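What follows is one structure encoded as C-alpha cells, with my remarks underneath.
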Amino acid sequence: MTNELLKAVQLIKEKEWVDLTHAFDPESPHFSAFEAAKFETLFDHDDGFFAQRFTFPGQYGTHLDAPIHFVRNTRYLDELDLKEFVLPLIVIDKSREAAENHDYTLTVEDVVAFEAEYGEIEPGSFVALRTDWSKRWPDQEAFDNKDADGNNHAPGWSLEALQFLYEERKIKAVGHETFDTDAAIDFQKNGSLLAEYYVLDQDTYQVELLTNLDKVPATGSIIINIVPKAKKASGFPVRSFAILP
C-alpha cells in the first residue's frame with residue numbers, strides 16, 4: 001500500500017501544476033466594503049530574525065468562503081473536511097462572451113452546451129467559471145469596472161445554472177475570477193447576492209478571485225485548495241492550484 005501511495009505522488013509530480021492564486025499585497029484589488037490590507041515589519045534581520053504582521057479580512061486576495069460566510073448555523077472554515085479541498089476540476093470557458101458583454105451571466109444552456117462537447121459533469125466536481133477577469137489584476141479600477149453612474153459591471157453565475165449544477169449534477173464546489181458569485185447586474189437587480197447565498201447554503205465552499213484558468217483544460221485536472229485552519233473563520237486567503245492530466 002505504501003509503495004502504491006509513493007508511486008501516486010511520483011506520478012502527480014511528473015504532471016504540470018498550475019497556480020490558480022494571485023499574490024496579494026496592500027495595493028491589490030479588494031472588495032469595496034473592506035479596507036486595504038496592511039503588511040508591517042515587526043522585526044528585521046538586525047533584530048536577529050525577520051517577522052511581519054498581516055492585517056486583512058478573511059475574504060481577501062484569492063480566498064475560500066466557508067458556508068458560514070453567508071448562512072447562519074452552518075460550518076466554519078476549520079470544520080471543512082480535508083478531502084473536500086481536493087476535487088476533480090471542470091473549467092467552463094466564457095472568456096470571449098465576458099469580453100464582449102461585461103454583464104455576462106452563465107446560464108443552464110451554457111452548461112448543457114459544455115456537456116455536449118465535453119461530456120456530463122461528474123458528481124463531486126469543482127466547477128470553475130473562466131471569464132479572464134483575472135487578467136485585470138492588479139488594477140482595482142479595472143476590476144470594479146464602474147460605469148458613469150458608478151455601477152459595477154462584472155460577469156458571474158446565474159442562480160439557475162448553479163441550481164442545475166448542484167441539484168442535477170451534484171457538484172461539490174465552485175470558483176470564479178471575480179469578487180462575487182453573482183454577476184454585478186444581478187446584484188443590482190436583486191439587491192442581494194442570491195447566487196452566492198445559494199452556493200454556501202449547500203453546506204460547501206467556493207473560491208473567489210481565481211487566476212490562470214486559461215492554462216487549465218476543460219476537464220481532466222484536479223484542484224487542490226490549501227488554506228490555514230483559522231478557528232471559527234468565515235473564510236481565508238487560499239493557495240489554490242491545479243494538477244493537469
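Residues in the sequence shown are numbered from 1 upward in steps of one, following the numbering used here.
Every residue gets a Cβ at the ideal spot worked out from N, C-alpha and C, and that includes glycine.
This one's a predicted model, so the numbers in the text were calculated from it and none came from an experiment.
Less than 9 Å between the C-beta atoms of residue i and residue j, yes or no?
i, j, result
"Tyr-118", "Thr-219", "yes"
"Pro-155", "His-69", "no"
"Ile-223", "Pro-88", "yes"
"Val-18", "Asn-212", "yes"
"Ser-125", "Ile-185", "no"
"Tyr-198", "Tyr-166", "yes"
"Arg-169", "Val-111", "yes"
"Gly-175", "Glu-208", "yes"
"Ala-294", "Leu-80", "Beyond the ends of the chain as shown, which are 1 and 245, falls residue 294; an answer cannot be given."
"Pro-29", "Gln-140", "yes"
"Trp-157", "Ala-183", "yes"
"Pro-217", "Pro-245", "yes"
"Asn-151", "Gln-188", "yes"
"Trp-133", "Ala-98", "yes"
Taking 8 Å as the limit between beta carbons, can you name the residues of its chain near residue i, skipping five residues before and five after?
i, result
"Ala-51", "Thr-41, Leu-42, Phe-43"
"Glu-84", "Lys-172, Ala-173, Thr-204, Tyr-205"
"Glu-16", "Ile-243, Leu-244"
Is residue i close to the ligand PLP? I mean its beta-carbon at under 8 Å from any heavy atom of the ligand.
i, result
"Ala-173", "The ligand PLP is not among the ligands present in this structure, which contains no ligands whatsoever."
Given residue i, which residues of its chain have a CB within under 6 Å of its CB, disregarding the five upstream and five downstream residues?
i, result
"Ala-113", "none"
"Arg-130", "Val-91, Asp-93, Ser-95, Leu-213"
"Ile-226", "Arg-239"
"Ile-12", "Ile-243"
"Gln-59", "Gly-235"
"Thr-21", "Thr-62, Arg-239, Ser-240"
"Glu-160", "Val-108"
"Lys-232", "Tyr-76"
"His-153", "His-102, Asp-103, Asn-145, Ala-184"
Residue range of the alpha helix (DSSP H) that residue i falls in?
i, result
"Tyr-185", "Before going further, note that residue 185 is Ile rather than Tyr in the sequence given. Ile-185 -> alpha helix (DSSP H) spans 184-190."
"Asp-110", "108-118"
"Glu-168", "Looking at the DSSP string, Glu-168 is not in any alpha helix (DSSP H), and its letter there is neither H nor E."
"Val-199", "194-200"
"Arg-96", "95-100"
"Leu-162", "159-163"
Please name the residue or residues paired with residue i in a DSSP beta bridge.
i, result
"Lys-38", "Thr-55"
"Pro-88", "Ile-222"
"His-63", "Glu-208, Pro-237"
"Phe-126", "Leu-89, Ala-173"
"Val-9", "For Val-9, which the question treats as bridged, DSSP gives no partner whatsoever."
"Asn-145", "Per DSSP, none; premise fails for Asn-145."
"Asn-152", "Lys-146"
"Ile-247", "The structure shown does not extend to residue 247, since the chain spans only 1 to 245, so no value can be given for it."
"Lys-242", "Note that residue 242 corresponds to Ala in the displayed sequence, not to Lys. Bridge partners of Ala-242: Val-18, Ile-223."
"Phe-43", "Ala-51"
"His-105", "As written in the sequence, residue 105 is Thr, which differs from the His given in the question. Answer is Gly-156."
Just to confirm my understanding: we take residue i, look at its own chain, exclude 5 residues before and 5 after, and list those with CB closer than 7 Å. What are they?
i, result
"Ala-230", "Leu-77, Asp-78, Phe-236"
"Phe-39", "Asp-25, Pro-26, Gln-52, Phe-54"
"Phe-31", "Gln-59, Phe-179"
Tell me the residue span of the beta strand (DSSP E) that contains residue i.
i, result
"Asp-19", "17-19"
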